[in-house]
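Residues are numbered in our numbering as their position in the sequence shown, beginning at 1, plus a constant of 19.
Note that CB positions come from ideal geometry on N, CA and C, so glycine has one too.
The structure presented is a predicted model; accordingly, all values stated were derived computationally and were not measured.
Some notes on the structure that comes next.
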Amino acid sequence: MSSSKRLSRAYSNAKYIQFDDTSKFILFSDCHRGDNSFADDFANNRNIYFHALNHYYNEGFDYCELGDGDELWENIHFESIFEAHKNVYQLLRKFHLGQRLHMIWGNHDMVYKDKDYVDNHLSSYFEPIDDTDKELFEGITYNEAIILKHTETNQELFLTHGHQADWWNYTFWRWGRFLVRVLWKPLQVWGIADPTSPAKNYKELIKLERRIKRWILKNNLLITIVGHTHRPRFPEPGDIPFFNDGSCVHPRSITGIEIENGQISLIKWHIDTTLDGTLKVVRLLLEGPQKLVDYIEKK
């Protein structure tokens with residue numbers, strides 16, 4: 020199956036969410052939450068991520084995670100990841116209880132497309148303090164894609180991970196997982212990167228982006244927002260509407276996409292230093308805000 024057909028299938032099977040100009044969404048992807056070991060890239064940014072996530076919860080945003088939230092290639096079990104970042108999952112649970120949590124699976128957490136796996140591992144957790152099982156994400160579902168559809172303009176925003184355009188990491192993800200666990204995880208401590216990852220291989224990254232752009236051109240310039248490559252993208256109106264929210268494993272920062280007041284923005288959260296030497300987590304606007312209607316093709 021070609022990348023174009025995989026993207027079209029994801030679009031056809033996507034979960035629809037209605038929104039309007041009062042709706043607020045924060046889109047993150049590629050958190051790669053791990054077990055807090057030397058190979059856990061998320062660990063360096065977990066305080067930044069938690070602060071940003073808490074901000075969005077308090078401000079009434081819905082949270083959309085566009086795949087690779089959990090690092091289930093390097094780690095065999097979700098439980099070890101949960102124990103390493105328990106405060107993060109308890110905050111995500113608050114989004115879930117408020118029906119404000121929308122999850123997409125990527126290649127590194129592709130096991131989540133199996134509803135039985137999700138029910139068995141994510142529905143509850145064991146709390147050793149009082150020796151009981153407690154609810155976590157009871158009833159949660161993961162999707163390959165989500166379509167945000169505006170109630171007035173009928174404009175659609177297609178959200179997916181983007182690995183549909185990456186034949187190796189989509190079709191042979193089990194082999195990729197095996198190689199990462201056996202070979203690349205031990206080598207990561209020496210700074211040797213996985214060459215099959217588009218985030219670490221510039222030539223593969225460019226090829227993947229071109230495939231997605233070709234698909235967008237064939238599909239009426241549909242706004243498409245992905246992750247996977249870890250490279251933030253924010254097009255101008257009139258360009259091919261191909262967005263990428265970046266990742267949560269940049270050096271000392273995380274990037275994401277905000278949708279608010281009918282506008283879209285690319286943002287970064289990072290640690291800054293005040294004049295008196297105090298460290299604080301701050302939000303930086305990188306691109307936008309740009310009105311979503313400006314991306315509607317003029318006829």
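{"Item": "Which one or two residues does DSSP pair with R302 in a beta bridge?", "Value": "W288"}
{"Item": "Might you give, ordered along the chain, the residues of its own chain that have their beta carbon closer than 8 Å to the beta carbon of E316, omitting 5 neighbours on each side?", "Value": "N239 and L240"}
{"Item": "Here's the rule I'm using: 16 or more other beta-carbon atoms within 10 Å means buried, otherwise exposed. How should D152 be labelled?", "Value": "exposed"}
{"Item": "Can you name, in chain order, every residue of its own chain whose Cβ lies under 7 Å from the Cβ of K310, other than the five neighbours on each side?", "Value": "G281 and Q282"}
{"Item": "Should R89 and F97 be called a contact, given that it needs their Cβ atoms to be closer than 8 Å?", "Value": "According to the sequence shown, residue 89 is Asp rather than Arg. It is a contact, given that the beta carbons lie within the stated cut-off."}
{"Item": "Mind listing, in chain order, the continuous beta strand (DSSP E) runs of no fewer than 3 residues lying wholly within the stretch 82-136?", "Value": "120-123"}
{"Item": "Considering only the beta carbon of each residue, do I276 and I242 sit closer than 8 Å?", "Value": "no"}
{"Item": "Could you check what DSSP says for L141 in three-state terms: helix, strand or coil?", "Value": "helix"}
{"Item": "For K132, I'd like the list of residues in its chain whose CB is within less than 8 Å of its CB, leaving aside the five on either flank, ordered along the chain.", "Value": "W124, Y161 and E163"}
{"Item": "Using only the alpha-carbon positions, how far apart do F101 and N32 sit?", "Value": "29 Å"}
{"Item": "Per DSSP, which one or two residues make a beta bridge with F34?", "Value": "First, the residue type needs correcting, since residue 34 is Lys and not Phe in the sequence shown. According to DSSP, which records beta bridges pairwise, K34 is partnered with I165."}
{"Item": "Under a CB-based cut-off of 8 Å, is H289 close to chain B?", "Value": "Among the chains of the structure shown, chain B does not appear; only one protein chain is present."}
{"Item": "Secondary structure at E171, three-state DSSP: helix, strand or coil?", "Value": "coil"}
{"Item": "Where does Y35 land, buried or exposed, given buried means 16+ other C-beta within 10 angstroms?", "Value": "exposed"}
{"Item": "Under DSSP, the beta strand (DSSP E) around F80 begins and ends at which residues?", "Value": "Unbroken run through F80: none, as it is neither H nor E."}
{"Item": "For V312, which option in R229, E171, D295 and R233 has the closest C-alpha, if you only look at C-alpha atoms?", "Value": "E171"}
{"Item": "Could you check which residue in K232, D291 and D295 has the C-alpha nearest to that of L303?", "Value": "D291"}
{"Item": "Based on the DSSP secondary-structure assignment, which residues constitute the bridge partners of G181?", "Value": "Paired residue(s): none; G181 is not in a bridge."}
{"Item": "Taking the straight line between their C-alpha atoms, what separation do you get for T274 and P147?", "Value": "35 Å"}
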